[in-house]
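For the sequence shown, position 234 (counting from the first letter as 1) is numbered 234 according to our numbering, and the numbering increases by one without interruption.
Worksheet for the structure shown next.
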Amino acid sequence: MCPTGMETKSLAWEYDAVQRIKVGKTRRFSKQTFEYFLVLDFEATCWDKGDYDKGSSEVIEFPCVLYDVKNNEIVDEFQQYVMPFEKPKLSPFCTNLTGIEQHQVENGVPLKTCLMLFNKWLNKLIKEHKLSFVRQENLKYTGFCTWSDWDLGTCLFRECKRKGIYRPEHFSRWIDVRAIYKDHYARRPHGLLGALTELGLEFEGRQHCGLHDARNTARLVGRMVEDGVYFKLTKDITGKR
């Protein structure tokens, strides 16, 4: 099962009760433009092929980890369960796939509130680590990383548009790790698990737990940096609403 919500996690970080996670072995540092990555991986409502009462995807778990490229470690984490409104009852398929149970989303927060909580966490990181989404002297250049364009380009974008929720501009530019992987290694992996396996890494945790997926994506990024892969923005939908 996934960890239980953001408040316990936040207290643990505040009192330094969470150990920083080393993403991989110590390796030479290949020069990168980005100094930090915000790696996220949403989980959303979903249905089996045979289900008749389907709906549009709504975010039900919103996790993100801050990955320090040079030091090869995750230095902070955010996780929040989100309450779906269009289809509030999770399908058995969704619960089985993600491990997220009905009581977790019922005790979650609306997406609009989740975005406010995330931005509060993000602003704290910006101050603590001197982060910036644009390259500036004396600031640490950072960007979002996702496995594919689905999280920010499809799921969050469409849900915010349907519900009339303001989507912060920093969600408009990101790095598709899958696309970078395919370009560098000249092969198409069978999902995140396949990419990890191809590079000699084991998946840690539960697949399709958003927080665990985000952590493992960060581990994959660390391994790719070790291989000399250069990361750059792959998608920009600035101004698109």
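C-beta atoms are modelled at their ideal positions from N, C-alpha and C, and glycine is treated no differently.
For clarity, every value in this text was computed on a predicted model and none was experimentally measured.
Per DSSP, residue i forms a beta bridge with which residues?
{"i": "Pro63", "result": "Gln79"}
{"i": "Phe231", "result": "Phe231 pairs with nothing; no bridge assigned."}
Kindly indicate which residue of the options has the alpha-carbon position closest to the one of residue i.
{"i": "Leu40", "options": "Arg173, Met83, Gly228", "result": "Arg173"}
{"i": "Gly153", "options": "Arg167, Lys163, Thr142, Lys140", "result": "Arg167"}
{"i": "Ile237", "options": "Gly222, Leu156, Met224, Val177", "result": "Leu156"}
{"i": "Asn119", "options": "Leu193, Leu233, Phe62, Phe93", "result": "Phe62"}
{"i": "Lys127", "options": "Arg162, Leu139, Trp150", "result": "Leu139"}
By how many angstroms is the C-alpha of residue j removed from the C-alpha of residue i?
{"i": "Ala214", "j": "Arg135", "result": "24 Å"}
{"i": "Pro84", "j": "Ser56", "result": "10 Å"}
{"i": "Lys70", "j": "Tyr230", "result": "13 Å"}
{"i": "Gln207", "j": "Thr45", "result": "16 Å"}
{"i": "Trp147", "j": "Glu226", "result": "18 Å"}
{"i": "Val59", "j": "Cys160", "result": "10 Å"}
{"i": "Thr98", "j": "Ile165", "result": "25 Å"}
{"i": "Ala218", "j": "Val65", "result": "8 Å"}
{"i": "Lys240", "j": "Lys49", "result": "31 Å"}
{"i": "Val177", "j": "Glu43", "result": "17 Å"}
{"i": "Gly24", "j": "Asp53", "result": "Only weak support exists for where Gly24 lies, its pLDDT of 48 falling under 50; the value from the coordinates is given anyway. Cα-Cα distance, rounded: 43 Å."}
{"i": "Met116", "j": "Asp151", "result": "18 Å"}
What is the residue span of the beta strand (DSSP E) that residue i lies within?
{"i": "Trp174", "result": "173-176"}
{"i": "Gly143", "result": "140-146"}
Along the chain, where does the alpha helix (DSSP H) that runs through residue i open and close?
{"i": "Val105", "result": "102-106"}
{"i": "Phe93", "result": "92-98"}
{"i": "Val221", "result": "210-226"}
{"i": "Leu251", "result": "Outside the displayed span of the chain (1 to 241) sits residue 251, for which this structure offers no information."}
{"i": "Leu196", "result": "191-198"}
{"i": "Phe203", "result": "Looking at the DSSP string, Phe203 is not in any alpha helix (DSSP H), and its letter there is neither H nor E."}
{"i": "Phe133", "result": "Careful: Phe133 lies outside any alpha helix (DSSP H) and carries neither H nor E."}
{"i": "Phe157", "result": "157-163"}
Report yes or no: do three or more beta-carbon pairs, one from the region 65-84 and one from the region 187-194, lie closer than 8 Å? Contact between the region 65-84 and the region 187-194 is not established, with fewer than three Cβ pairs separated by less than 8 Å.
Count the CB pairs spanning the region 199-208 and the region 78-92 that are closer than 8 Å, and state whether there are at least three. Contact annotation: the region 199-208 does not touch the region 78-92, with fewer than three C-beta pairs closer than 8 Å.
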